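Participant:
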Amino acid sequence: MFSDQQLAFVDIETTGGRTTSDRITEIAVIYTEAGQQQPQTFHTLLNPDTSIPPFIQSLTGISNKMVEKAPYFDNEIADRLAAIFKERIFIAHNVRFDYGFIKAAFKRLGRTFNPQQLCTVKLSRLLYPEHKHHGLDKIVARHNIDMQNRHRAFADARAIYDFWQQLRHNFPADILHQACKTIMQRPSLPAHLHSDVLDNISDDYGVYLIYGDNDIPLYIGKSKQVKTRLMSHFSQDVHNSKEMSLSQQARKIDIIPCSGELDALLTESAQIKQRQPILNRRLRRQKDLFSFRLHTNTNGYNTLSIVPMRHVQLNREQHYYGLFHSKSDAQKSIKNIISNTDLCLQTLGIEKGSNNRPCFRHQLHQCSGACINKITADMHNLKLALALQKIKLAAWPFSSYAYIKEQHKYHIFHHWIYLGSAGNTDELQTLLNQPQGQLDRDIYQIIRQHKHLLQALNPAHVCPD
1 MFSDQQLAFV DIETTGGRTT SDRITEIAVI YTEAGQQQPQ TFHTLLNPDT SIPPFIQSLT
61 GISNKMVEKA PYFDNEIADR LAAIFKERIF IAHNVRFDYG FIKAAFKRLG RTFNPQQLCT
121 VKLSRLLYPE HKHHGLDKIV ARHNIDMQNR HRAFADARAI YDFWQQLRHN FPADILHQAC
181 KTIMQRPSLP AHLHSDVLDN ISDDYGVYLI YGDNDIPLYI GKSKQVKTRL MSHFSQDVHN
241 SKEMSLSQQA RKIDIIPCSG ELDALLTESA QIKQRQPILN RRLRRQKDLF SFRLHTNTNG
301 YNTLSIVPMR HVQLNREQHY YGLFHSKSDA QKSIKNIISN TDLCLQTLGI EKGSNNRPCF
361 RHQLHQCSGA CINKITADMH NLKLALALQK IKLAAWPFSS YAYIKEQHKY HIFHHWIYLG
421 SAGNTDELQT LLNQPQGQLD RDIYQIIRQH KHLLQALNPA HVCPD
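full-length UniProt numbering numbers the first residue of the sequence shown as 1 and each following residue consecutively.
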């Protein structure tokens, strides 16, 4: 069983919930030194170097004035924490939150922080499965833990410490030890990967590349917590054949740090298309894309034709529908869409037939009769527009280039095509002067998902040196 000297109970208060932009305002650690019976404490307010939102001040009772003269999270604070956790387990309630903020604070100092962690939320769930809720308030009430100043770091850390003491009293040592091991169990790394391969990987946005023998790429993925995602690949409970194959073949891991979600999506897409990893089943590189375009026949009925998109720019003058990797994919997709309507495949040009002769679907009462002018062209065109609405490609909403800023990186786009990222004016000019690539279905979908972040590009106001 773990001795008290191996454990440290932690709680922090912060200005918010994001490790990238929010900061720690208070930290408390309770731990026991070797040869001592009574626990020691490390407790301090911290100056977050940013304003504490009124809601957070009300919740924690920590005001801007209280932290005004408090120390910053500097190397002196980091040294103290590093010493405490050198051989101790980091225990917290919802440990990812507390650990994530402290790790981020270390990272801003150019340092690493990687103690083992134990989450008392998970421990409570495992040991008390009959209870539905395992928040700290519920645990304090359920176990009659004496607590004052809720949402202050020391009080919360003390409550976690007292909860642990109750667990030691209520459960046999071997049961409690096994429960902790189950929760803390590090991933069982593949035999051909070094045991410390994950130690220097940060748990931030990134793209990971897993290689097999001879540096053959096996799998490429992205995550906002890349270390956690990699650990999930290599956990012992492998129930997925792809994960099993990955574990057996993995020889090396590379990480591409990313500035955020968009950067990770774009980088993942580019890397998969460039390297063609064996175990990826999507985002494959395609030479050509196809779409549907509307035409009007001599009788005023709109028809469809499949057109290549290699040199097409999506603007407001021309409407296109769907992006497909082949003509056969386009045919199959449009037939599926039309099958839920009474539109005429013959009139649309999808199936062959004779002019002014009823099509096969009309004979089955599945066609409204555009093939024999039974419905007006206006009605046919309206039904077609409604049927195609979901796959209609959006027109580029800018007259020229646009960008999305993510951290210190500027992603540059033109007509739904990703040109690359720039961090300064020279890099931006290089992107603007290079030949423009082709429309890519995956990139189009990624940009559409982030359309609300797009801004018109004015090179004079972007990427200042």
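Backbone N, C-alpha and C define an ideal beta-carbon position, used for all residues, glycine too.
No experiment lies behind these values; they were computed from the predicted model shown.
So, at 8 angstroms on beta carbons, what are the nonlocal neighbours of Asp137 in its own chain, with the 5 sequence-adjacent residues on each side left out?
Facilitator: Counting only Cβ-Cβ distances below 8 angstroms, and skipping sequence neighbours, we find Arg150.
Participant: So the alpha helix (DSSP H) His177 belongs to, where does it begin and stop?
Facilitator: 173-184 is the span of the alpha helix (DSSP H), which, as asked, contains His177.
Participant: Under 8 angstroms Cβ to Cβ from Met289, same chain only, skipping five residues before and after it: list those, please.
Facilitator: According to the sequence as given, residue 289 is Leu; it is not Met. Result list for Leu289: Pro308, Met309, Arg310, Leu323, Phe324, His325, Gln438, Leu439, Asp440, Arg441, in chain order.
Participant: Residue range of the alpha helix (DSSP H) that Ile102 falls in?
Facilitator: 95-108 is the extent of the alpha helix (DSSP H) around Ile102.
Participant: Let me check one thing: in DSSP terms, what residues is residue 516 bridge-paired to?
Facilitator: Within the shown structure, residues of the chain are numbered from 1 to 465, placing residue 516 beyond reach of any answer.
Participant: Sort out for me which residues DSSP pairs Lys392 with in a bridge.
Facilitator: In the DSSP output, where bridge partners are listed per residue, Lys392 has Tyr321.
Participant: Starting from Ala28, trace the alpha helix (DSSP H) in both directions and tell me its first and last residue.
Facilitator: Looking at the DSSP string, Ala28 is not in any alpha helix (DSSP H); the run it does join, the beta strand (DSSP E), is 24-31.
Participant: Could you give the first and the last residue of the continuous beta strand (DSSP E) run that contains Tyr444?
Facilitator: Run containing Tyr444: none in the beta strand (DSSP E); it sits in the alpha helix (DSSP H), 441-449.
Participant: State the start and end residues of the unbroken alpha helix (DSSP H) segment that holds Thr296.
Facilitator: Counting along the chain, Thr296 falls outside any alpha helix (DSSP H), though it belongs to the beta strand (DSSP E) covering 290-296.
Participant: Is the stretch 333-352 touching the stretch 257-266 in the sense that three or more CB pairs, one from each, lie closer than 8 angstroms?
Facilitator: The answer is no - the stretch 333-352 does not touch the stretch 257-266, with fewer than three Cβ pairs under 8 angstroms.
Participant: Would you call the stretch 394-412 in contact with the stretch 254-263, where contact means no fewer than 3 C-beta pairs closer than 8 angstroms?
Facilitator: The stretch 394-412 vs the stretch 254-263: in contact.
Participant: Classify Arg448: buried if its beta carbon has 16 or more other beta carbons within 10 angstroms, exposed otherwise.
Facilitator: Under this definition Arg448 is an exposed residue.
Participant: Out of Val67, Glu243, Ile216, point me to the one whose CA is closest to Gln276's CA.
Facilitator: The candidate whose alpha carbon is nearest that of Gln276 is Ile216.
Participant: Whose CA, out of Gln116, Asn433, Gln248, lies closest to the CA of Tyr219?
Facilitator: Measuring from the Cα of Tyr219, the nearest candidate turns out to be Gln248.
Participant: In the DSSP output, which residue or residues are listed as bridge partners for His411?
Facilitator: In DSSP, His411 forms a bridge with Ile404, Ser421.
Participant: So Pro71 and Thr41 are in contact, right, with Cβ under 8 angstroms, and what is the actual spacing, rounded?
Facilitator: The pair is not a contact, with the Cβ atoms about 16 angstroms apart (cut-off 8 angstroms).
Participant: Quick one: any contact between the stretch 156-163 and the stretch 1-16, if contact means 3 or more CB pairs under 8 angstroms?
Facilitator: Yes, the stretch 156-163 is in contact with the stretch 1-16.
Participant: Does the count of Cβ pairs from the stretch 98-109 and the stretch 61-79 closer than 8 angstroms reach three?
Facilitator: Touching, yes, given that three or more Cβ pairs across the two stretches are closer than 8 angstroms.
Participant: Could you check where the alpha helix (DSSP H) with Gln346 kicks off and where it finishes?
Facilitator: Note, Gln346: alpha helix (DSSP H), 345-348.
Participant: In terms of DSSP beta bridges, what is His43 paired with?
Facilitator: Paired residues: Ala28.
Participant: What's the gap between the Cα of Tyr161 and the Cα of Lys132?
Facilitator: If I take the Cα positions, the gap works out to 22 angstroms.
Participant: Between the stretch 196-208 and the stretch 224-235, can you find at least three pairs of beta-carbon atoms closer than 8 angstroms?
Facilitator: Because the criterion of three Cβ pairs below 8 angstroms is met, the stretch 224-235 and the stretch 196-208 touch.
Participant: Going by Cα to Cα distance, which pick from His414, Gln37, His380, Ala28 is closest to Leu454?
Facilitator: Out of His414, Gln37, His380, Ala28, His414 has the C-alpha closest to the C-alpha of Leu454.
Participant: Buried or exposed, going by whether 16 or more other CB atoms sit within 10 Å of the CB of Gly221?
Facilitator: Looking at its Cβ environment, which holds 16 or more other Cβ atoms inside 10 Å, Gly221 is buried.
Participant: Please classify Lys181: is it buried, with 16 or more other beta-carbons within 10 angstroms of its beta-carbon, or exposed?
Facilitator: Lys181 is exposed by the Cβ-count criterion.
Participant: With a cut-off of 8 angstroms, do at least 3 Cβ pairs link the stretch 62-70 to the stretch 81-99?
Facilitator: Counting Cβ pairs under 8 angstroms, fewer than three are found: no touch.
Participant: Got a sec? Which residues, its chain only, sit under 7 angstroms from Arg168 by beta carbon, not counting five neighbours each side?
Facilitator: Hits under 7 angstroms: Leu176.
Participant: Alpha carbon to alpha carbon, how far is Tyr301 from Leu386?
Facilitator: Those two C-alpha atoms are separated by around 15 angstroms.
Participant: Pick helix, strand or coil for Thr15, following the three-state DSSP scheme.
Facilitator: Note: Thr15 maps to coil in three-state DSSP.
Participant: Can you say whether residue 481 is buried or exposed, counting buried as having 16 or more other CB atoms within 10 angstroms of its CB?
Facilitator: Because the chain here runs from 1 to 465, residue 481 falls outside it and cannot be looked at.
Participant: Using the rule of at least 16 other Cβ atoms within 10 Å of the residue's Cβ for burial, across every protein chain shown, is Arg316 buried or exposed?
Facilitator: Arg316 comes out exposed.
Participant: Using three-state DSSP, classify Ala159 as helix, strand or coil.
Facilitator: Helix at Ala159.
Participant: Could you check how far apart the C-beta atoms of Arg152 and Glu26 are, in whole angstroms? I think they sit under 8 angstroms.
Facilitator: That belief holds up - the Cβ atoms of Arg152 and Glu26 are roughly 7 angstroms apart, short of 8 angstroms.
Participant: Tell me whether Leu279 sits in a helix, a strand or coil according to DSSP, three-state version.
Facilitator: Leu279 falls in the coil class under three-state DSSP.
Participant: Just checking my contact of Arg88 with Gln6 at CB under 8 angstroms: how many whole Å lie between their CB atoms?
Facilitator: Contact flag correct, Cβ pair sits at about 6 angstroms.
Participant: Would you decide whether Ala28 is buried or exposed? Buried here means 16 or more other CB atoms lie within 10 Å of its CB.
Facilitator: Burial call: buried.
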